[in-house]
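With the working numbering, letter number 102 in the sequence shown gets 148, and the count goes up by one each step, no holes.
Where is the CB? At the ideal position from N, CA and C, for every residue including glycine.
Here the structure is a predicted model, which means the values were calculated and not measured.
For reference, the structure discussed in these notes is given below.
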Amino acid sequence: MTNEQVRYMSENSTSKSNDTDERKVVILIRDVHKSFGENLVLKGFHMKLYEGENLVVMGKSGSGKSVMIKCLVGLMTSDSGYIEVMGKEIARLDRQTLDELRSDIGFLFQGSALYDSMTVRENLEFPMRRHKEKLGIVQDTTPLVIEALENVGLAHTMNLMPAELSGGMKRRIALARTLILKPKIILYDEPTSGLDPITAKEIIELMRSIQQKYGTSSLIITHDVDCARVISERMILLVDGVNYAEGSYAELSASTDPKVEAFFKK
Ligand SMILES: Nc1ncnc2c1ncn2[C@@H]1O[C@H](COP(=O)(O)OP(=O)(O)OP(=O)(O)O)[C@@H](O)[C@H]1O
Ligand SMILES: [Mg+2]
């Protein structure tokens, strides 16, 4: 990619994405490639996430959704292409700047990834210790822990161990841990997987209420068609390493393209 192209993309993305769309772009991915040996996973993927929206990315298992999200937060490096988060090009950031940027990005990992040897409270305090600069010197973390737990309806679990919680509760605690840093963007990797339909619905409702309360922009990776229907304002289908189709749930679910239809068959 030439410098000119990079500059154009950067200018294009910082506030006004194009002539017709005035919304601010908070994540921009252009032409991203990523392979593991012979395994070509992302083959020129592109997408934009606008401020305050709920965007769902669907793709079948192994299509590269988690890889894409890891490239986005700098946990993995793409082979080529351009990735920008809140106006900053990920590949050009030094450790410290990347760390600062990450404090504005909440990442709900696939599974809940709580530390089993720590109490709920300690799990929630953990990211606060890493991002002291953002939060200032917090003498007593209790009010922040309580606020985060109240947001997910689990204030009473503060002193429990993860082993004492159900799968749905763990997922909510993981969400509380993500919220404690008041992120501007939340990346959800399969937030409802492994949960029964009722608990999944509760998590989806929680995601919605968080978005309304804090105005966060959310990128939601899911297999769950019901989740996509309820939460998405816009959807992208990741097929064969590219952004194969993009639109509202209503538009995509009405498509007659066999590769698109396949997502909506029950
Ligand atoms: N660190 C790695 N080393 C080698 N191959 C990897 C690595 N991470 C992912 N892959 C491969 O990249 C491909 C995409 O993996 P990824 O985890 O992104 O899939 P996914 O779309 O998130 O699937 P799922 O829906 O099952 O979570 C897979 O073929 C996987 O084997
Ligand atoms: Mg995955």
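| query | result |
| --- | --- |
| Chain-order list of residues whose beta-carbon lies under 6 Å from that of residue 218 (same chain, five-residue window excluded) | 198, 200 |
| 8 Å Cβ cutoff met for residue 268 and residue 245 | no |
| Same chain only: Cβ atoms within 6 Å of residue 95, ignoring 5 sequence neighbours per side | 72, 73, 101, 263, 265 |
| Cβ contact (3+ pairs, closer than 8 Å) linking the stretch 293-301 and the stretch 123-134 | no |
| C-beta contact flag for residue 226 and residue 190 at 8 Å | yes |
| Nearest residue (CA-CA) to residue 69, options 98, 232, 214, 117 | 98 |
| Residue(s) in a DSSP beta bridge with residue 187 | For residue 187, which the question treats as bridged, DSSP gives no partner whatsoever. |
| Cβ-based neighbour list, residue 321, same chain, cut-off 6 Å, excluding 5 preceding and 5 following | The structure shown does not extend to residue 321, since the chain is modelled only from 47 to 312, so the question has no answer here. |
| Whole-number beta carbon distance between residue 235 and residue 172, since they are thought to touch under 8 Å | Contact flag wrong, Cβ pair sits at about 19 Å. |
| Cα-Cα separation between residue 86 and residue 110, rounded to whole angstroms | 9 Å |
| Where residue 250 falls, given that 16 or more other Cβ within 10 Å makes a residue buried | buried |
| Cβ-heavy atom distance, residue 235 to ligand 2, below 7 Å | yes |
| Residue 167 and residue 204 closer than 8 Å at C-beta | yes |
| Residue 144 beta carbon less than 8 Å from that of residue 222 | no |
| Alpha-carbon to alpha-carbon, residue 288 and residue 108 | 13 Å |
| Environment of ligand 1 in chain order, Cβ to heavy atom below 5 Å | 82, 87, 107, 108, 109, 110, 111, 112, 113 |
| Residues near residue 257 in its chain [Cβ-Cβ closer than 7 Å; skip 5 each side] | 100, 264 |
| Residue 306 versus residue 282 - alpha carbon distance | 10 Å |
| Neighbourhood of residue 165 by C-beta, 8 Å cutoff - its chain only, sequence neighbours within 5 removed | 204, 205, 206, 207 |
| For residue 284, the residue or residues it bridges with in DSSP | 289 |
| Alpha-carbon spacing of residue 291 relative to residue 77, whole angstroms | 15 Å |
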